[in-house]
Amino acid sequence: MNMLVDGEWRTDAYEANDGDGSFQRQETTFRDRVRDDPDATFQPAAGRYHLYVSYACPWAHRTLVTRALKGLEDAISVSIVDPYRDEDGWQFTPEKEGCTRDHVRGADYLRELYVEADPDATCRVTVPVLWDKREETIVNNESEEIMRMLDTEFDDYANRDVDLYPEGYRDEVDRIIDEIYEPINNGVYRAGFATRQEPYDEAVDDLFAALDHWDEVLADQRYLAGDRLTEADVAMFTTLVRFDNVYHTHFMCNVQYIREYENLWPYLRDLYQTDSVAETVNMDHIKEHYYTTHPDVNPHRIVARGPDLDFEAPHDRDELPGSPPADLTAASADD
Ligand SMILES: N[C@@H](CCC(=O)N[C@@H](CS)C(=O)NCC(=O)O)C(=O)O
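When we follow the working numbering, the leftmost residue of the sequence shown carries the number 3, and every step to the right adds one.
This is how it looks when you write it as structure tokens:
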């Protein structure tokens, strides 16, 4: 496995599974916050911050969806890495479809940004990264925290009046984000990267028990936290949208497809069809990344063909209590 150790790129430094064959995710290292507060080091501003993402990565995708729903495209710029990650880690290949150069530093590899932020960095080089162009450093590389910052600290620069962490829903949103993380968001990885039967079985049991539970919840309410679209839905969306094309097959999460669920499937289409969300989904990058980047899981790097899903099919969930924030719909009308 590849990571930075004391600022040096090493390809032999880290083993993702512990002794019993369970996948262990590493803690992220840059945890500063942008705060809408005159005393904060990192204050919100238009044009100051830059996101580094991969379209393939579900964690990075959360930040892209939040940026799109809030209408922060003009305020926060983005660079997109190559979906294929080899021994050198994430890299910039602007010649490739859907990828961009590093707009800020002109780097060839994402790890260069990490070393610039911390010359002695010992960490994995992951996306998403929120970069501060003024201080020339990484503010944060933890998706949940970046999602929250974009949602709550940049309202003065957002083109849409959307609040994904509304008063009155906050405890519930935090609870749900937490509750779905281990069995669902990380659960697909625990299944896919397990190297023994038992942890795999455990991950798959947890995953489908959680999916069954949320399928039931979504029978009577439009969104995870009830009648409002929130960050919890963003967190769920980026796993569900990858599920049938990737996790079902590549990570052996094959008890059931999402498209076979009575409520999760229309719920997924509902989110996909919410303004600007579809533009953040690049299924080619998603498939290329997973099927080609984990040689232990898929040594021949063959990209599985199907299934061909119609995310645009009607979902009929507008009948349920709750609707996209009114201003979201209104704003999209003048776009
Ligand atoms: N906790 C991080 C996890 C991010 C993460 O694991 N990203 C993956 C891509 S899906 C990555 O960049 N992996 C590269 C590596 O681990 O070397 C977050 O949620 O932001």
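Glycine included, every Cβ here is placed at the ideal spot set by N, Cα and C.
Contact between V83 and V129 holds, since their C-beta atoms are separated by about 6 angstroms, short of 8 angstroms. When DSSP states are grouped into helix, strand and coil, L132 belongs to the strand group. Of the heavy atoms belonging to ligand 1, none sits nearer than 7 angstroms to the Cβ of W133.
Taking a cut-off of 8 angstroms for Cβ pairs, the region 195-212 and the region 265-281 do not touch, as fewer than three such pairs fall below it. Taken through DSSP and simplified to helix, strand or coil, M5 comes out as strand. In the structure shown, H52 adopts extended strand secondary structure according to DSSP, grouped into three states. Ranking V279, Q275, A306 by CA distance to the CA of D286 puts A306 first. Bounds of the alpha helix (DSSP H) holding E147 are 145-155.
A straight line joining the alpha-carbon of M254 with that of D310 spans about 18 angstroms.
Under a 10 Å Cβ-count criterion, R162 is classified as buried, with 16 or more other Cβ atoms of the shown protein chains found around its own Cβ. Residue range 285-295 is occupied by the alpha helix (DSSP H) that includes T294. Here E281 is exposed. Its C-beta has fewer than 16 other C-beta atoms within 10 Å. If you compare the alpha carbons of E290, N187, R113, I148 with that of K98, the shortest gap goes to E290. Ranked by how close their Cα comes to the Cα of D120, the residues F313, V7, T276 have V7 in first place. Per DSSP, the unbroken beta strand (DSSP E) holding W11 starts and ends at 10-12. Look at T65 here: in three-state DSSP terms it is helix.
Look at the beta carbons and you see the region 217-228 touching the region 170-178: at least three pairs across the two are nearer than 8 angstroms. Annotation: V164 is outside any beta strand (DSSP E) and is labelled neither H nor E by DSSP.
Taking 7 angstroms as the cut-off, the C-beta of V117 does not count as close to any heavy atom of ligand 1. Under the DSSP definition of a beta bridge, V80 partners with L53.
Distance from the C-beta of P60 to the nearest heavy atom of ligand 1 is below 7 angstroms. According to DSSP, Q93 shares a beta bridge with Y111. Around the beta carbon of T251, 16 or more other beta carbons sit within 10 angstroms, so the residue counts as buried.
Exposure of I304 is indicated by the presence of fewer than 16 other C-beta atoms within 10 angstroms of its C-beta. Where T241 is concerned, the enclosing alpha helix (DSSP H) starts and stops at 233-244.
With contact defined as three or more Cβ pairs closer than 8 angstroms, the region 84-96 and the region 54-66 are in contact.
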